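Participant: Mind the numbering: the sequence shown is residues 856 to 1098 in the numbering used here, read in order. Ideal Cβ positions, reconstructed from N, Cα and C, are used throughout, including at glycine. Computed from a predicted structure; not experimentally measured.
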Amino acid sequence: MSARNVAIVTGASTGIGAEICRQMLAADYEVIALGQGKPKAAHERLQAMDVDLLDRAATERAAKEIAGRFAVTHVVHNAGVIRPALLPDVKLEDLDALTQLHLGAAISLTQAVLPGMKRAHFGRIVLISSRGALGLQTRTVYSATKAGMIGMARTWALELAPEGITVNVIAPGPIGDTEMFRSVVPADSEREKALAAAIPVKRLGRSDDVARAVMFFCDRASDFVTGQTLYVCGGSSVGTIVI
(Lines of atoms letter the chains of each structure in order from A and count residues from 1; the text may use other names and numbers.)
(Lines give C-alpha, C1' and ligand atoms only; values in the text may rest on other atoms or scores of the structure.)
Protein backbone atom coordinates (compact mmCIF):
# COMPACT_ATOMS: atom_id res chain seq x y z
CA MET A 1 0.00 0.00 0.00
CA SER A 2 1.42 3.39 -0.99
CA ALA A 3 1.91 6.10 1.61
CA ARG A 4 -0.99 8.50 2.04
CA ASN A 5 -0.57 12.04 0.72
CA VAL A 6 -2.15 14.55 3.10
CA ALA A 7 -2.02 18.15 1.92
CA ILE A 8 -2.79 21.53 3.43
CA VAL A 9 -3.95 23.93 0.71
CA THR A 10 -4.51 27.57 1.69
CA GLY A 11 -6.87 29.86 -0.18
CA ALA A 12 -8.69 26.79 -1.43
CA SER A 13 -12.25 28.08 -1.75
CA THR A 14 -11.92 29.60 -5.24
CA GLY A 15 -9.66 29.95 -8.28
CA ILE A 16 -6.21 28.40 -8.22
CA GLY A 17 -6.63 26.93 -4.75
CA ALA A 18 -9.90 25.21 -5.64
CA GLU A 19 -8.31 23.72 -8.76
CA ILE A 20 -5.30 22.48 -6.79
CA CYS A 21 -7.72 20.76 -4.41
CA ARG A 22 -9.62 19.22 -7.32
CA GLN A 23 -6.48 17.80 -8.91
CA MET A 24 -5.17 16.52 -5.59
CA LEU A 25 -8.44 14.79 -4.78
CA ALA A 26 -8.41 13.21 -8.25
CA ALA A 27 -4.92 11.91 -7.43
CA ASP A 28 -6.18 10.32 -4.18
CA TYR A 29 -4.80 12.93 -1.77
CA GLU A 30 -6.50 13.81 1.47
CA VAL A 31 -6.84 17.62 1.49
CA ILE A 32 -7.24 20.13 4.31
CA ALA A 33 -8.56 23.36 2.79
CA LEU A 34 -7.50 26.27 4.95
CA GLY A 35 -8.78 29.83 4.67
CA GLN A 36 -11.90 31.95 4.69
CA GLY A 37 -14.90 30.37 3.02
CA LYS A 38 -15.45 26.68 2.36
CA PRO A 39 -14.73 25.08 -1.03
CA LYS A 40 -17.81 24.79 -3.20
CA ALA A 41 -17.13 21.13 -3.95
CA ALA A 42 -17.60 18.45 -1.28
CA HIS A 43 -15.58 15.26 -1.08
CA GLU A 44 -15.05 12.51 1.49
CA ARG A 45 -11.31 13.24 1.50
CA LEU A 46 -11.71 17.02 1.74
CA GLN A 47 -11.65 18.72 5.13
CA ALA A 48 -12.26 22.47 5.42
CA MET A 49 -11.10 24.76 8.21
CA ASP A 50 -12.20 28.40 8.34
CA VAL A 51 -9.37 30.67 9.48
CA ASP A 52 -8.28 34.23 8.72
CA LEU A 53 -4.64 33.82 7.70
CA LEU A 54 -4.13 37.55 8.21
CA ASP A 55 -4.58 36.83 11.92
CA ARG A 56 -1.27 35.47 13.22
CA ALA A 57 -2.64 33.99 16.43
CA ALA A 58 -5.58 32.31 14.65
CA THR A 59 -3.22 30.91 12.03
CA GLU A 60 -0.92 29.47 14.68
CA ARG A 61 -3.86 27.85 16.50
CA ALA A 62 -5.14 26.31 13.26
CA ALA A 63 -1.66 25.05 12.35
CA LYS A 64 -1.27 23.39 15.74
CA GLU A 65 -4.71 21.77 15.48
CA ILE A 66 -4.02 20.42 12.00
CA ALA A 67 -0.63 19.04 13.02
CA GLY A 68 -2.28 17.27 15.94
CA ARG A 69 -5.01 15.69 13.81
CA PHE A 70 -3.29 14.87 10.52
CA ALA A 71 -0.02 13.37 9.32
CA VAL A 72 0.57 16.19 6.84
CA THR A 73 2.92 15.40 3.96
CA HIS A 74 2.32 18.42 1.71
CA VAL A 75 1.87 22.16 2.27
CA VAL A 76 0.68 24.33 -0.63
CA HIS A 77 0.48 27.97 0.43
CA ASN A 78 -1.67 29.61 -2.21
CA ALA A 79 -3.63 32.28 -0.30
CA GLY A 80 -2.83 35.80 -1.44
CA VAL A 81 -4.00 39.40 -1.59
CA ILE A 82 -2.82 42.22 -3.90
CA ARG A 83 -3.70 45.59 -2.24
CA PRO A 84 -2.41 47.65 -5.18
CA ALA A 85 -1.16 51.21 -4.76
CA LEU A 86 1.32 53.57 -6.36
CA LEU A 87 4.27 54.36 -4.11
CA PRO A 88 2.91 57.66 -2.69
CA ASP A 89 -0.21 55.82 -1.54
CA VAL A 90 1.38 52.67 -0.09
CA LYS A 91 0.21 51.98 3.47
CA LEU A 92 2.59 50.33 5.89
CA GLU A 93 -0.32 48.47 7.47
CA ASP A 94 -0.77 46.75 4.09
CA LEU A 95 2.88 45.73 4.20
CA ASP A 96 2.33 44.26 7.67
CA ALA A 97 -0.79 42.40 6.51
CA LEU A 98 0.73 40.90 3.38
CA THR A 99 3.91 39.97 5.21
CA GLN A 100 1.77 37.93 7.59
CA LEU A 101 -0.35 36.40 4.83
CA HIS A 102 2.34 35.56 2.30
CA LEU A 103 5.26 34.83 4.63
CA GLY A 104 4.11 34.52 8.23
CA ALA A 105 1.30 32.05 7.51
CA ALA A 106 3.67 29.88 5.48
CA ILE A 107 6.15 29.84 8.35
CA SER A 108 3.52 29.00 10.98
CA LEU A 109 1.99 26.17 8.96
CA THR A 110 5.33 24.66 8.00
CA GLN A 111 6.74 24.87 11.51
CA ALA A 112 3.71 23.02 12.85
CA VAL A 113 3.90 20.07 10.44
CA LEU A 114 7.67 19.93 10.08
CA PRO A 115 8.31 17.48 12.94
CA GLY A 116 5.99 14.94 11.30
CA MET A 117 7.62 15.42 7.90
CA LYS A 118 11.04 14.90 9.47
CA ARG A 119 9.90 11.70 11.19
CA ALA A 120 8.56 10.41 7.87
CA HIS A 121 11.67 11.64 6.04
CA PHE A 122 9.33 13.04 3.41
CA GLY A 123 7.63 16.32 2.64
CA ARG A 124 6.63 18.61 -0.19
CA ILE A 125 6.26 22.37 0.34
CA VAL A 126 5.05 24.56 -2.52
CA LEU A 127 4.67 28.33 -2.17
CA ILE A 128 2.58 30.24 -4.70
CA SER A 129 4.40 33.48 -5.48
CA SER A 130 3.75 35.61 -8.58
CA ARG A 131 5.26 36.89 -11.76
CA GLY A 132 4.78 40.20 -9.97
CA ALA A 133 7.78 39.31 -7.80
CA LEU A 134 9.85 40.58 -10.71
CA GLY A 135 8.24 44.00 -10.38
CA LEU A 136 4.99 45.52 -11.54
CA GLN A 137 3.49 48.98 -11.18
CA THR A 138 1.23 49.47 -8.14
CA ARG A 139 2.55 46.28 -6.51
CA THR A 140 5.00 47.55 -3.86
CA VAL A 141 3.82 45.41 -0.95
CA TYR A 142 2.61 42.52 -3.13
CA SER A 143 5.83 42.26 -5.12
CA ALA A 144 7.99 42.63 -2.02
CA THR A 145 6.27 39.85 -0.11
CA LYS A 146 5.89 37.56 -3.11
CA ALA A 147 9.61 38.00 -3.87
CA GLY A 148 10.27 37.22 -0.22
CA MET A 149 8.61 33.84 -0.71
CA ILE A 150 11.24 32.94 -3.29
CA GLY A 151 14.15 33.74 -1.01
CA MET A 152 12.47 31.96 1.88
CA ALA A 153 11.86 28.83 -0.19
CA ARG A 154 15.47 28.68 -1.35
CA THR A 155 16.61 28.90 2.27
CA TRP A 156 14.20 26.17 3.39
CA ALA A 157 15.25 23.99 0.48
CA LEU A 158 18.86 24.04 1.68
CA GLU A 159 17.91 23.38 5.29
CA LEU A 160 15.42 20.59 4.60
CA ALA A 161 16.96 18.68 1.69
CA PRO A 162 18.74 16.19 3.99
CA GLU A 163 15.35 15.45 5.60
CA GLY A 164 13.72 14.30 2.35
CA ILE A 165 11.68 17.50 2.15
CA THR A 166 11.59 19.59 -1.02
CA VAL A 167 10.58 23.25 -1.19
CA ASN A 168 9.66 24.93 -4.45
CA VAL A 169 7.80 27.98 -5.77
CA ILE A 170 5.23 28.54 -8.50
CA ALA A 171 5.05 32.10 -9.83
CA PRO A 172 1.90 32.50 -11.93
CA GLY A 173 1.39 35.21 -14.50
CA PRO A 174 -2.07 36.68 -15.17
CA ILE A 175 -4.63 33.96 -14.39
CA GLY A 176 -7.92 35.10 -15.87
CA ASP A 177 -10.34 32.83 -14.01
CA THR A 178 -9.53 34.06 -10.49
CA GLU A 179 -11.26 36.58 -8.28
CA MET A 180 -7.93 38.25 -7.59
CA PHE A 181 -7.37 38.93 -11.30
CA ARG A 182 -10.92 40.15 -11.81
CA SER A 183 -10.53 42.55 -8.88
CA VAL A 184 -8.06 44.55 -10.96
CA VAL A 185 -8.96 43.69 -14.59
CA PRO A 186 -12.65 43.68 -15.63
CA ALA A 187 -13.86 40.80 -17.82
CA ASP A 188 -13.98 41.49 -21.58
CA SER A 189 -12.42 44.91 -21.08
CA GLU A 190 -9.94 46.57 -23.42
CA ARG A 191 -7.42 46.22 -20.61
CA GLU A 192 -7.90 42.45 -20.59
CA LYS A 193 -7.53 42.23 -24.36
CA ALA A 194 -4.35 44.30 -24.32
CA LEU A 195 -2.90 42.19 -21.55
CA ALA A 196 -3.61 38.91 -23.34
CA ALA A 197 -2.06 40.32 -26.53
CA ALA A 198 1.09 41.27 -24.61
CA ILE A 199 1.65 37.73 -23.31
CA PRO A 200 3.90 35.73 -25.67
CA VAL A 201 1.45 32.79 -25.87
CA LYS A 202 -1.39 35.29 -26.58
CA ARG A 203 -3.78 34.20 -23.86
CA LEU A 204 -4.41 34.61 -20.16
CA GLY A 205 -3.56 31.75 -17.86
CA ARG A 206 -6.05 29.40 -16.23
CA SER A 207 -6.09 27.92 -12.76
CA ASP A 208 -5.46 24.45 -14.15
CA ASP A 209 -2.21 25.69 -15.74
CA VAL A 210 -0.94 26.50 -12.25
CA ALA A 211 -2.36 23.42 -10.55
CA ARG A 212 -0.58 21.07 -12.97
CA ALA A 213 2.73 22.70 -12.07
CA VAL A 214 1.92 22.35 -8.37
CA MET A 215 1.20 18.65 -8.87
CA PHE A 216 4.63 18.18 -10.48
CA PHE A 217 6.42 19.65 -7.48
CA CYS A 218 4.17 17.63 -5.12
CA ASP A 219 4.88 14.30 -6.79
CA ARG A 220 6.78 11.84 -4.62
CA ALA A 221 9.02 11.13 -7.60
CA SER A 222 10.10 14.81 -7.83
CA ASP A 223 12.69 14.39 -5.08
CA PHE A 224 15.62 15.80 -7.10
CA VAL A 225 13.91 19.17 -7.64
CA THR A 226 14.13 21.66 -4.79
CA GLY A 227 14.72 25.36 -4.27
CA GLN A 228 13.30 26.18 -7.71
CA THR A 229 10.88 28.84 -8.95
CA LEU A 230 8.72 27.92 -11.93
CA TYR A 231 7.07 30.83 -13.74
CA VAL A 232 3.72 29.65 -15.11
CA CYS A 233 3.15 32.83 -17.05
CA GLY A 234 2.87 32.23 -20.79
CA GLY A 235 6.32 33.74 -21.25
CA SER A 236 5.47 37.03 -19.58
CA SER A 237 8.39 36.73 -17.15
CA VAL A 238 10.76 36.91 -20.12
CA GLY A 239 9.51 40.29 -21.30
CA THR A 240 7.41 43.14 -19.98
CA ILE A 241 3.66 43.23 -19.43
CA VAL A 242 1.43 46.06 -18.34
CA ILE A 243 -1.72 45.49 -16.32
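Among A926, L950, N1023 and K919, which residue has its Cα nearest to the Cα of S963?
Facilitator: Of A926, L950, N1023 and K919, the residue nearest in Cα terms is K919.
Participant: Using DSSP bridges, identify the partner residues of V1087.
Facilitator: Paired residue(s): P1027.
Participant: What residues in its chain sit with their C-beta under 7 Å from that of T1000, if we drop five residues either side in the sequence?
Facilitator: Excluding residues within five positions, the ones whose Cβ falls inside 7 Å are L953, T954, H957 and L958.
Participant: Rounded to the nearest angstrom, what separates R924 and D905 at their Cα positions?
Facilitator: Going by the C-alpha atoms only, they are around 16 Å apart.
Participant: Inspect the beta-carbon positions of R938 and Y997 and report whether they are closer than 8 Å.
Facilitator: Cβ distance < 8 Å, so R938 and Y997 count as in contact.
Participant: What does DSSP give as the partner residue(s) for T955 in the beta ladder?
Facilitator: What sits at residue 955 in the sequence shown is Gln, not Thr. Answer by DSSP bridge pairing: none, since Q955 is not bridged.
Participant: Do you know how far the Cα of C876 is from the Cα of T914?
Facilitator: Rounded to whole angstroms, T914 to C876 spans 20 Å at the Cα level.
Participant: Less than 8 Å between the C-beta atoms of T1081 and A1016, yes or no?
Facilitator: Cβ atoms of T1081 and A1016: closer than 8 Å.
Participant: Can you look up I871 in the DSSP assignment and give me helix, strand or coil?
Facilitator: Residue state, collapsed to three classes: helix.
Participant: In terms of residue numbering, what span does the beta strand (DSSP E) encompassing D905 cover?
Facilitator: Counting along the chain, the beta strand (DSSP E) containing D905 begins and ends at L901 to D905.
Participant: What first and last residue would you give for the alpha helix (DSSP H) that runs through E1045?
Facilitator: E1045 -> alpha helix (DSSP H) spans E1045 to A1053.
Participant: Please report the residue range of the beta strand (DSSP E) in which V1069 lies.
Facilitator: From DSSP, V1069 is part of no beta strand (DSSP E) but of the alpha helix (DSSP H) over S1062 to C1073.
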